[in-house]
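Residues in the sequence shown are numbered consecutively from 129, following this note's numbering.
The beta carbon of each residue, even a glycine, is placed where N, CA and C say it ideally should be.
Okay, so here's the structure we're looking at.
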Amino acid sequence: QGELHALYHNLGGELFDHRSRIAGIAAAGLSRVGFGTAFTDADGDGWEDLVVLNGHVLRHPNAGTQKQKPILFHNVGDFVSSKMGISDEKKFFREFFKSDPDPKFEGQADGAINPNGLDSYLVAKKWLLDANVKDDNDGIPNNVKGMTHVFFRQGPSKAQLNYAETRSKEGDFDGHLSAWQDGYNEWTEDYGNMIFLGLDDKKYKLECTEDELKELAEENGITVSQQRRLWSANLDMVNYRHWKEYASVERDPASLAAHKVFYAATQAYLEAKGFDKVAPDGSIEISEAQKLLESAMTQWLELSTKYENMYQQDQYIEEALLIVQYWQAVHQQNGKEVPADYPLKSVWDKHPEKHMEMERKFLTDTRLRTF
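Right, dumping it as structure tokens:
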């Protein structure tokens with residue numbers, strides 16, 4: 129009791145990083161005797177959950193207070209967002225969450241699970257907002273036990289960003305720009321302006337101007353250089369810059385246009401529109417899918433000239449590689465040699481370590497095609 133359950137991340141080279149607070153399992157050990165951590169499928173969804181084991185030091189105590197009961201904590205916000213949104217079955221989980229396949233619900237959501245028929249990420253956002261309100265109302269700043277506070281508080285804004293991102297991947301582009309604008313604002317204006325306590329209880333905030341750095345340094349009784357290091361370390365820890373830059377690109381109408389073209393290309397491929405045709409004059413008319421894929425490649429390349437750090441982010445690297453994967457597949461099924469040069473060749477050549485992963489994703493995405 130009073131000790132943290134231990135969870136370590138293997139960094140390689142016989143180095144390990146303590147991750148109990150980040151994973152959110154530290155709190156249980158503060159009030160109950162802990163024996164360790166384990167992975168098990170606690171909710172029967174086929175995905176292992178991280179659990180902590182509680183008990184007594186003595187196997188058969190002769191006397192004492194009432195024994196500690198086993199407790200299972202269920203992170204509802206994280207479950208509805210992460211587990212429902214990133215699993216292999218996410219397409220069905222998310223669809224059925226809003227429109228239950230049971231005929232008795234007449235195409236609506238199961239009211240016991242999703243009474244307002246909202247997107248899973250927006251339901252998660254509500255739970256995470258409620259958690260932040262409870263944190264605000266306890267009268268004690270930075271008093272979340274068991275999870276690093278700067279991670280805990282990002283929940284609602286991160287759910288909004290995940291909502292915007294997932295809708296785009298699913299081809300639901302209505303409200304795309306406003307969803308990303310909301311995510312950007314919530315990440316930078318709400319989450320970015322919260323005050324957190326870092327090492328030795330020194331205050332910092334993530335969205336910080338030079339003048340604010342100086343003010344916080346003075347309040348903390350440290351130099352501006354020390355304040356800058358504290359700030360930068362926490363920016364890196366929560367991946368703050370990445371999500372800010374990502375949302376900044378996605379709220380650009382040019383990004384929306386590029387996503388739409390690629391999505392249209394994937395649908396054309398799935399609908400057997402990836403085959404070339406022979407025109408009456410004997411010339412070859414390239415397929416609709418190939419035309420769309422080449423348009424998508426050109427648009428994404430042009431966008432990268434506007435946002436020079438774009439292809440340092442995994443989301444854009446993977447989308448670019450997937451476009452090329454589809455484009456190569458179209459050439460192969462038409463018996464054509466893949467050209468040596470094309471708009472996204474530099475991105476493809478730079479990331480050979482991701483080629484196998486993209487092939488697996490391509491095969492997964494196209495397993496239900498109509499031919």
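Check	Outcome
Here's a check: name, in chain order, each residue in its chain whose Cβ is nearer than 7 angstroms to the Cβ of I323, leaving out the five neighbours to either side.	K331, K333
Use the C-beta contact count for G235: other C-beta atoms within 10 angstroms, 16 or more gives buried, fewer gives exposed.	exposed
Can you look up E436 in the DSSP assignment and give me helix, strand or coil?	coil
With Y470 as the anchor, note down where its beta strand (DSSP E) starts and where it stops.	Unbroken run through Y470: none, as it is neither H nor E.
Taking S296 and H387 to be in contact with their CB atoms under 8 angstroms, please state how far apart those CB atoms are, rounded to whole angstroms.	5 angstroms
With DSSP run on the structure shown, which of helix, strand or coil describes D247?	coil
Given a cut-off of 8 angstroms on the beta-carbon distance, is the pair E416 and A396 in contact?	yes
On a Cα-Cα basis, can you pick out the residue from E378, K286, Y470, L429 that is closest to G320?	K286
Can you check the stretch 273 to 310 for any alpha helix (DSSP H) of at least 4 residues that lies completely inside it and give the ranges in chain order?	277 to 280, 283 to 297
Can you give me the C-alpha to C-alpha distance between L143 and Y136, rounded to a whole angstrom?	10 angstroms
Can you pull the DSSP bridge partners for V406?	I412
Sort A259, D230, L421, V452 by Cα distance to F390 and report the nearest one.	L421
Do L449 and K482 count as a contact pair if the criterion is CB distance below 8 angstroms?	yes
Throw me the rounded Cβ distance for the S248 and R281 pair, which I believe falls under 8 angstroms.	With 8 angstroms as the limit, S248 and R281 do not qualify as a contact, their Cβ atoms being about 21 angstroms apart.
When we look at the beta-carbon of I412 and count the other beta-carbons within 10 Å, is it buried (16 or more) or exposed?	exposed
Got a sec? Which residues, its chain only, sit under 6 angstroms from S423 by beta carbon, not counting five neighbours each side?	V389
Identify, in the order they occur along the chain, each residue of the same chain with its Cβ nearer than 6 angstroms to the Cβ of R147, setting aside the five sequence neighbours on each side.	L135, H137
Buried or exposed for E298, going by 16 or more other Cβ atoms inside 10 Å?	exposed
Excluding five sequence neighbours on each side, which residues of the same chain lie with their C-beta closer than 8 angstroms to the C-beta of F490?	L450, Q453, Y454, A457
Quick one: any contact between the stretch 342 to 351 and the stretch 308 to 316, if contact means 3 or more CB pairs under 8 angstroms?	no
Considering just the uninterrupted stretch of the beta strand (DSSP E) at H137, what are its terminal residues?	136 to 140
Starting from F390, follow the alpha helix (DSSP H) in both directions and report where the run begins and ends.	381 to 398
With D145 as the anchor, note down where its beta strand (DSSP E) starts and where it stops.	143 to 146
With H, G and I counted as helix, E and B as strand and the rest as coil, what does DSSP make of L325?	strand
Buried or exposed for Q440, please, with buried defined as at least 16 other CB atoms from any protein chain shown within 10 angstroms of its CB.	exposed
Using 8 angstroms for Cβ pairs, my map puts G402 next to Q461. What's the rounded Cβ distance?	6 angstroms
So L431 packs on M438, CB below 8 angstroms; how close in whole Å?	7 angstroms
Does the separation of the CB atoms of A384 and F279 fall below 8 angstroms?	Checking the sequence shown, residue 384 turns out to be Leu, not Ala. No. Outside cutoff.
Assign K342 to one of three DSSP states: helix, strand, or coil.	helix
Among L327, V377, D228, whose alpha-carbon lies nearest the alpha-carbon of N362?	L327
Rounded to the nearest angstrom, how far is the Cβ of L257 from that of P284, given a contact under 8 angstroms?	5 angstroms
Need the endpoints of the alpha helix (DSSP H) that E481 sits in, please.	Careful: E481 lies outside any alpha helix (DSSP H) and carries neither H nor E.
Give me, in chain order, the residues of the same chain whose beta-carbon lies closer than 7 angstroms to that of L250; leave out the 5 immediate sequence neighbours on both sides.	Y291
Tell me the residue span of the alpha helix (DSSP H) that contains Q355.	352 to 365
Check for me: the alpha helix (DSSP H) holding Y319 runs from which residue to which?	Premise fails: Y319 is in no alpha helix (DSSP H) and is neither H nor E.
Measure the alpha-carbon distance for K405 versus I414 and round it to whole angstroms.	7 angstroms
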